[in-house]
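These notes concern the structure reproduced below.
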Amino acid sequence: MTDLNRIRNFSIVAHIDHGKSTLADRLIQLTGTVAERDMKEQLLDAMDIERERGITIKANSVRIEYPAQDGNTYILNLIDTPGHVDFAYEVSRSMRAVEGSLLVVDATQGVEAQTLANVYQAIDADHEIVPVLNKIDLPAAEPARVREQIEDVIGIDASDAVEISAKTGLGIPDVLEAIVTRLPAPKGERDAPLKAMLVDSWYDSYLGVVVLIRVMDGVIRKGDQIRMMKTGASYKLDKLAVLKPAMVDIAELGPGEIGVFTASIKQVRDTRVGDTITHERKPAAQALPGFKPSIPVVFCGLFPVDANDFEDLRDAIEKLALNDASFTYEMETSAALGFGFRCGFLGLLHLEVVRDRLEREYDIDLITTAPSVIYHVHMKDGEKMDLHNPADMPDLTLVDHIEEPRIKATILVPDEYLGDVLKLCQDRRGIQMDLTYAGSRAMVVYDLPLNEVVFDFYDRLKSVTKGYASFDYQMIGYRQDYLVKMSILVNDEPVDALSMMVHRDRAEGRGRMMVEKLKELIPRHMFKIPIQAAIGGRVIARETLSAMRKDVTAKCYGGDATRKKKLLEKQKAGKKKMRQFGKVEIPQSAFINALKMDG
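Okay, so the sequence shown: first residue is 287 according to my numbering, each after it adds one.
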């Protein structure tokens with residue numbers, strides 16, 4: 287039985303690359319939680335993709351035991367969270383399970399947009415926040431300036447911020463002491479009915495579904511019969527453990543503790559993130575408030591390259607959705623691609639990661655359609671419909687007007703790149719809302735249409751600012767605009783996967799860019815292929831991909847010119863026939879690359 291005053295639950299929040307995962311490594315190493323021979327960089331980033339890209343995608347948890355200077359041993363439960371805007375939902379969930387946060391700020395770069403977004407989530411969750419200045423050993427570090435910036439921009443006192451270098455281990459003992467002395471102990475009653483929050487769950491091929499919980503009240507023991515309050519499913523616990531990143535079996539978990547259990551759960555959909563777990567016989571009176579459901583902003587279709595893989599894809603998507611609560615899906619069919627799923631994501635990086643995970647972890651070849659956002663289509667008869675896929679756009683004569691989603695984007699950028707950023711936002715039909723300065727950096731707030739941001743706004747922003755700008759956004763609602771559906775026709779056949787909604791004033795430029803790009807990406811065939819962009823029945827841009835040509839006249843040397851002509855005419859007729867019956871193969875990479883706009 288652990289005394290509540292000896293437990294500290296905390297998460298680490300920071301912008302991308304400010305050193306969250308490295309700090310977690312040092313805390314684990316210094317307390318001897320993992321044997322020295324098992325230590326490796328980014329210990330909590332378990333997925334291959336995380337290690338390759340050097341980013342955290344999943345929030346991960348670890349239990350650390352720390353003998354403090356006051357002579358007591360404390361149990362520290364750490365949840366390491368992602369920094370990217372696409373995984374903000376992961377962060378908000380982790381926040382609800384802990385009482386305090388370490389705010390890590392890079393002493394060379396200062397406060398960035400994601401630092402702001404993540405720290406506001408911590409403040410929303412009523413966290414005690416301990417500022418930590420990392421990379422203090424670098425010659426470019428300016429701790430005094432960054433302290434001032436934290437106070438000015440975020441508004442929390444940074445006078446006693448802990449100065450560390452997570453890479454070299456400098457100042458790590460001070461962080462451990464600060465966690466014990468400055469973060470609050472959890473609250474909870476041991477004798478009350480069991481209330482545990484389901485923080486996360488994932489699928490393990492040996493154990494079935496593994497569930498990560500934070501106990502609020504009561505005690506959970508191995509062998510207990512438990513019930514999920516939202517889904518009503520009931521299970522008997524097989525195994526109860528704490529994560530030291532590896533699972534270590536434990537007899538019971540009391541209030542304030544974080545651990546995992548397995549219960550031979552076969553049905554993936556029984557474990558809903560944010561659900562409350564209680565005892566079957568002595569249930570709690572009411573459930574915990576849970577989490578706000580995540581709202582996907584980008585949609586795209588995922589189809590198996592081989593139609594026979596559809597069942598495998600369904601299985602893989604179910605398992606993945608269990609592990610990633612911010613990912614939504616529903617079935618759809620397409621004339622060209624067969625059966626597949628229409629999936630919702632929090633952003634393009636999220637989409638890429640989910641696609642990579644499906645291909646790697648479940649070995650399925652996928653075709654991904656053009657990402658799109660949800661439009662509200664108001665019909666003339668007063669009906670309103672949500673348009674997820676531009677291919678489903680109703681007849682224009684029946685449509686009264688279309689509304690598109692808008693976002694409020696916050697961009698922090700050094701002064702010298704401000705002009706480029708303003709131009710980029712104006713080009714994307716943005717409306718400037720605010721411009722203020724935090725030291726030598728400008729903070730620009732823009733109202734932007736989401737469909738202009740979805741494609742490659744982030745990449746463009748990084749390139750015009752040489753990587754110095756940081757960007758964060760939130761949805762603010764819908765607004766009417768003059769939008770049209772642009773179809774792409776290859777060999778006179780519409781390609782569903784490439785149709786998109788565009789602003790009427792931009793349509794010609796977009797269309798021209800798209801057909802030029804496709805001309806480079808589609809391999810040449812034996813016949814000529816016209817590539818067109820059209821709005822309704824009107825073609826607005828066209829390119830022709832010339833045919834591969836075999837020299838049929840090679841065997842004619844000398845002799846009559848008409849013989850050569852005859853052979854060429856024959857070849858032409860063959861190509862014409864071929865074009866009528868020929869099928870144009872568009873490679874998968876062409877779909878993805880055609881959608882990346884370089885404007």
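Even glycine gets a Cβ: it sits at the ideal position worked out from N, Cα and C.
Please name the residue in the options whose C-alpha comes closest to that of residue i.
i, options, result
"C629", "I650, E647, R600 and D651", "R600"
"V730", "I717, V740, I815 and D651", "I717"
"G626", "T654, V583, R643 and R646", "T654"
"V528", "M812, G542, L309 and A519", "G542"
"D642", "T619, L606, Y615 and M617", "L606"
"L637", "G560, M679, A452 and L588", "L588"
"F547", "E604, P569, Y843 and G494", "G494"
"T683", "G822, S785 and L480", "G822"
"A408", "R798, R382 and P429", "R382"
"N295", "D681, V501 and M834", "V501"
"D713", "E616, R796, A571 and K851", "R796"
"L769", "S785, A478, W488 and A793", "A793"
"L721", "A478, F631 and V699", "V699"
"P479", "Y492, V466, R507 and T467", "R507"
Would you kindly check if the distance between the Cβ of residue j and the Cβ of residue i is under 8 Å?
i, j, result
"V640", "F596", "no"
"I450", "I415", "no"
"L498", "G386", "no"
"A602", "Y661", "no"
"N363", "R292", "no"
"D651", "D556", "no"
"E779", "P735", "no"
"V788", "I817", "no"
"V390", "G305", "yes"
"R887", "D701", "Outside the displayed span of the chain (287 to 885) sits residue 887, for which this structure offers no information."
"R558", "T517", "yes"
"T562", "M515", "yes"
"A549", "Y521", "yes"
"L632", "P582", "yes"
"T401", "H301", "yes"
"P657", "V584", "yes"
I'd like the span of the beta strand (DSSP E) that includes residue i, first residue to last.
i, result
"I826", "R824 to L831"
"F613", "It is not in any beta strand (DSSP E) - F613 carries neither H nor E in the DSSP assignment."
"S756", "S756 to D767"
"R810", "Counting along the chain, R810 falls outside any beta strand (DSSP E), and DSSP gives it neither H nor E."
"T562", "T562 to H565"
"V788", "M786 to H789"
Identify, in the order they occur along the chain, each residue of the same chain with its Cβ nearer than 7 Å to the Cβ of residue i, setting aside the five sequence neighbours on each side.
i, result
"T317", "I350, E351 and Y352"
"V750", "Y703, D706, V707 and L710"
"V801", "I817, Q818, A819, A827, R828 and E829"
"E618", "G587, G626, F627 and R628"
"G545", "I499, L526, A527, V528, I536 and L539"
Go through its chain and collect everything with a Cβ distance to residue i's Cβ below 8 Å, but skip five positions before and after it.
i, result
"R567", "Q511"
"Y732", "K694, A695, I697, C711, G716, I717, Q718 and M719"
"V448", "V416, P417, V418, L419, G457, D460, V461 and A464"
"L747", "I697, V707, L710, A755 and F757"
"Y764", "H662, E689, E690, P691 and R692"
"R810", "L831, S832, A833 and M834"
Going by beta carbon distance, what residues of the same chain come within less than 6 Å of residue i, once the five residues before and after it are set aside?
i, result
"D410", "none"
"M671", "V663"
"D767", "E690"
"M333", "At M333 the pLDDT is 49, less than 50, meaning the model places this residue with poor confidence; the figure from the coordinates comes in the next sentence. Taken in chain order, the list of residues that qualify is empty."
"K752", "none"
"K344", "Here the model assigns K344 a pLDDT of 49, short of 50, so the residue's position is not dependable and the matter cannot be decided."
"S487", "V495, V497, T557 and L608"
Residue range of the alpha helix (DSSP H) that residue i falls in?
i, result
"G795", "A793 to L807"
"L704", "L704 to D713"
"R500", "Segment G494 to D503 is the beta strand (DSSP E) holding R500; no alpha helix (DSSP H) there."
"V484", "First, the amino acid is wrong: residue 484 is Leu here, not Val. It is not in any alpha helix (DSSP H) - L484 instead sits in the beta strand (DSSP E) that spans K481 to D490."
"R746", "F743 to V750"
"H636", "L634 to E647"
Look up residue i in the DSSP assignment and give the residues it is bridged to.
i, result
"Y661", "L673"
"S387", "S297 and I415"
"A888", "Summary: the structure shown does not reach residue 888, with the chain confined to residues 287 through 885, and so no result is reported for it."
"S520", "R513"
"L775", "P780 and Q818"
"I365", "S297 and S347"
"I653", "F589"
"A527", "D535 and V546"
"N420", "D392"
"M617", "F627"
Answer yes or no: does any C-beta atom of chain B fall closer than 8 Å to that of residue i?
i, result
"Y703", "Going by chain labels, chain B is absent from the structure shown, which holds only one protein chain."
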